[in-house]
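Protein chains: 2
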Amino acid sequence: MGRSSQSKAKENRAQIVQTASRMFREAGVENVSVAQIMAANGMTVGGFYKHFESKDALIEEAFSLAFEQSREAWDEVYSRADEASQDRAAILVRQYLRNSSAKNRCPLLAFAPGVAVTESERPGAHEYAEGAKSLLDKFMKEKVGGLCDPAHPTDADNEALVIFAAMVGARLLAQSVGQQSWIQAMEAAVNMAVIKH
Amino acid sequence: MGRSSQSKAKENRAQIVQTASRMFREAGVENVSVAQIMAANGMTVGGFYKHFESKDALIEEAFSLAFEQSREAWDEVYSRADEASQDRAAILVRQYLRNSSAKNRCPLLAFAPGVAVTESERPGAHEYAEGAKSLLDKFMKEKVGGLCDPAHPTDADNEALVIFAAMVGARLLAQSVGQQSWIQAMEAAVNMAVIKH
DNA sequence: TGTACATCAGTGAACGCGCGTTCACTGATGTAC
DNA sequence: TGTACATCAGTGAACGCGCGTTCACTGATGTAC
Chain A
1 MGRSSQSKAK
11 ENRAQIVQTA
21 SRMFREAGVE
31 NVSVAQIMAA
41 NGMTVGGFYK
51 HFESKDALIE
61 EAFSLAFEQS
71 REAWDEVYSR
81 ADEASQDRAA
91 ILVRQYLRNS
101 SAKNRCPLLA
111 FAPGVAVTES
121 ERPGAHEYAE
131 GAKSLLDKFM
141 KEKVGGLCDP
151 AHPTDADNEA
161 LVIFAAMVGA
171 RLLAQSVGQQ
181 SWIQAMEAAV
191 NMAVIKH
Chain B
198 MGRSSQSKAK
208 ENRAQIVQTA
218 SRMFREAGVE
228 NVSVAQIMAA
238 NGMTVGGFYK
248 HFESKDALIE
258 EAFSLAFEQS
268 REAWDEVYSR
278 ADEASQDRAA
288 ILVRQYLRNS
298 SAKNRCPLLA
308 FAPGVAVTES
318 ERPGAHEYAE
328 GAKSLLDKFM
338 KEKVGGLCDP
348 AHPTDADNEA
358 LVIFAAMVGA
368 RLLAQSVGQQ
378 SWIQAMEAAV
388 NMAVIKH
């Protein structure tokens with residue numbers, strides 16, 4: 001087991017980020033060790049630092065990748081939705097609320113900071129904020145046809161913001177409370193709201 | 198420094214739970230050690246296990262206390278609000294969104310599980326779920342005059358659920374994204390929604 | 001009330017564990033001639 | 001093309017650290033007489 005070729009090494013690096021992104025979403029950043037990530041790729045822990053400066057650096061890349069893939073998934077939902085049919089944003093919301101398996105967990109929730117700490121202290125805080133903004137932008141673009149001016153939101157902007165916040169909040173509460181009837185009521189409620197507006 | 202009196206010991210125990218509840222909300226359960234909690238009460242770590250079986254047991258009590266104090270705070274907001282004036286739930290929502298200091302952080306967010314794990318694995322999961330349900334119950338009671346049947350929600354139930362979810366989701370996104378203009382827009386949006394309905 | 005003893009709240013050092021990180025080493029890959 | 005050497009991706013043991021927990025000990029409190 002000596003050196004890998006440059007192309008293989010590059011491939012390994014990408015694999016590590018992808019695996020970490022998945023494992024972080026499934027179990028949380030704190031509950032996944034560097035050694036576990038390497039083992040999941042059939043490697044040992046020592047080699048990790050040939051690719052990354054630290055675990056925090058990996059967290060940043062893994063966060064960015066997770067949000068990127070979420071954006072792609074949202075685009076796919078949009079593209080599958082019949083252009084002429086009902087509100088496409090409503091379809092996204094429905095998908096979002098349904099799709100609560102561990103593997104596909106939304107990074108907005110999986111990486112959410114339970115507590116707010118100074119940005120420099122929390123690894124990946126910058127990437128999380130950027131990713132959250134990008135998903136919100138994508139939602140607003142579809143819902144109200146473009147980014148609103150945060151300083152002067154229109155009524156339509158505000159309605160869309162509420163639905164976005166409710167969508168995220170509903171899934172947070174649903175997965176926490178873990179009572180099926182409440183989850184269904186939450187989903188029905190958000191679905192109703194998104195259709196009405 | 199020998200034994201404390203029984204009443205003093207009981208007082209110390211209550212202080213530990215109160216201090217832990219505050220520190221957990223400020224910095225997160227994972228980022229506060231047993232030794233730190235004891236030091237904050239002017240004690241050393243060894244005595245902790247005369248009061249609690251484990252850190253997990255303290256977490257459970259601290260969670261319950263935090264939710265209990267949140268319920269009391271909500272009651273106080275309700276009682277201060279003029280009975281005859283506008284929607285009292287709207288006042289609560291406004292308070293909730295404004296009150297984002299670290300010390301008063303809502304346990305719904307501070308203790309939110311970023312990832313869903315089996316209930317037995319995550320300390321305090323039961324207390325969190327119960328606390329979340331109790332706050333939702335209190336909100337629904339004020340907003341639609343009583344607990345709705347989760348299996349057959351009315352339209353008013355659904356609207357209240359959306360506002361509750363949006364309130365929580367908005368604060369989660371606001372503290373994460375940390376961009377003041379977005380926070381204000383989020384608050385304006387939720388305020389508008391709660392007043393309209 | 002006073003005395004002798006048992007109790008036990010609190011002490012602080014030590015233990016065990018998992019984690020992030022380091023390091024000397026290996027051997028296949030890349031490169032210069 | 002072949003050969004000699006340098007490079008460096010990956011290995012796996014070891015280190016340092018913080019944490020939850022344990023334990024022998026202390027001495028004021030509680031209790032029995």
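Here the protein sequences line up with chains A and B, keeping their order.
Residue numbering for the first sequence follows my numbering, starting at 1 and increasing by one per position.
Residue numbering for the second sequence follows my numbering, starting at 198 and increasing by one per position.
The beta-carbon is built from N, C-alpha and C at its ideal position, and this holds for glycine as well.
When DSSP labels each residue in this structure, what does residue i get in the three-state scheme?
| i | result |
| --- | --- |
| residue 41(A) | coil |
| residue 201(B) | coil |
| residue 304(B) | helix |
| residue 319(B) | coil |
| residue 355(B) | helix |
| residue 115(A) | coil |
| residue 31(A) | helix |
| residue 176(A) | helix |
| residue 99(A) | coil |
| residue 244(B) | helix |
| residue 134(A) | helix |
| residue 284(B) | coil |
| residue 151(A) | coil |
| residue 250(B) | coil |
| residue 279(B) | coil |
| residue 169(A) | helix |
Only counting the same chain, and skipping five residues up and downstream in sequence, which positions put a Cβ closer than 6 Å to that of residue i?
| i | result |
| --- | --- |
| residue 105(A) | 25 |
| residue 287(B) | 391 and 392 |
| residue 357(B) | 337, 340 and 341 |
| residue 187(A) | 97 |
| residue 47(A) | none |
Which bits of chain A does residue i rub up against, with CB to CB less than 7 Å?
| i | result |
| --- | --- |
| residue 308(B) | 114 |
Leaving aside the five residues before and after residue i along the sequence, list all residues of the same chain whose C-beta is less than 7 Å from its C-beta, in chain order.
| i | result |
| --- | --- |
| residue 63(A) | 107, 111, 124, 127, 128 and 131 |
| residue 285(B) | 275, 278 and 339 |
| residue 361(B) | 333 and 336 |
| residue 45(A) | 34, 35 and 38 |
| residue 291(B) | 388 |
Do we get a CB-CB distance below 8 Å when we pair residue i with the residues of chain B?
| i | result |
| --- | --- |
| residue 43(A) | no |
| residue 162(A) | yes |
| residue 128(A) | yes |
| residue 178(A) | yes |
| residue 132(A) | yes |
| residue 105(A) | yes |
Tell me which same chain residues have a C-beta within less than 8 Å of the C-beta of residue i, skipping the five on either side of it?
| i | result |
| --- | --- |
| residue 214(B) | 255, 258, 259 and 262 |
| residue 369(B) | 306 and 309 |
| residue 268(B) | 331, 332 and 335 |
| residue 40(A) | 19 and 23 |
Mind listing the chain A neighbours of residue i? Cutoff is C-beta to C-beta under 8 Å, in chain order.
| i | result |
| --- | --- |
| residue 355(B) | 185, 188, 189, 192 and 193 |
Out of the options, which one is the CA nearest neighbour of residue i?
| i | options | result |
| --- | --- | --- |
| residue 157(A) | 36(A), 42(A), 189(A) and 194(A) | 194(A) |
| residue 54(A) | 40(A), 73(A) and 33(A) | 33(A) |
| residue 15(A) | 43(A), 29(A), 190(A) and 28(A) | 43(A) |
| residue 387(B) | 373(B), 364(B) and 342(B) | 364(B) |
| residue 381(B) | 153(A), 178(A), 169(A) and 174(A) | 153(A) |
| residue 375(B) | 115(A), 163(A) and 56(A) | 115(A) |
| residue 372(B) | 247(B), 217(B), 296(B) and 343(B) | 296(B) |
| residue 266(B) | 219(B), 389(B) and 294(B) | 219(B) |
| residue 52(A) | 122(A), 9(A) and 76(A) | 9(A) |
| residue 226(B) | 202(B), 343(B), 367(B) and 253(B) | 253(B) |
| residue 27(A) | 352(B), 319(B), 366(B) and 200(B) | 319(B) |
| residue 13(A) | 1(A), 49(A) and 31(A) | 49(A) |
Which residues in chain B sit within 7 Å of residue i, going by Cβ to Cβ distance?
| i | result |
| --- | --- |
| residue 30(A) | 227 |
Can you list the residues of chain B that residue i reaches, using a CB-CB cut of under 8 Å?
| i | result |
| --- | --- |
| residue 169(A) | 361, 362, 363, 364, 365, 366, 367 and 369 |
| residue 88(A) | Result: empty, since nearest Cβ-Cβ is about 20 Å, beyond 8 Å. |
Does the beta carbon of residue i sit closer than 8 Å to a beta carbon anywhere in chain A?
| i | result |
| --- | --- |
| residue 224(B) | yes |
| residue 350(B) | yes |
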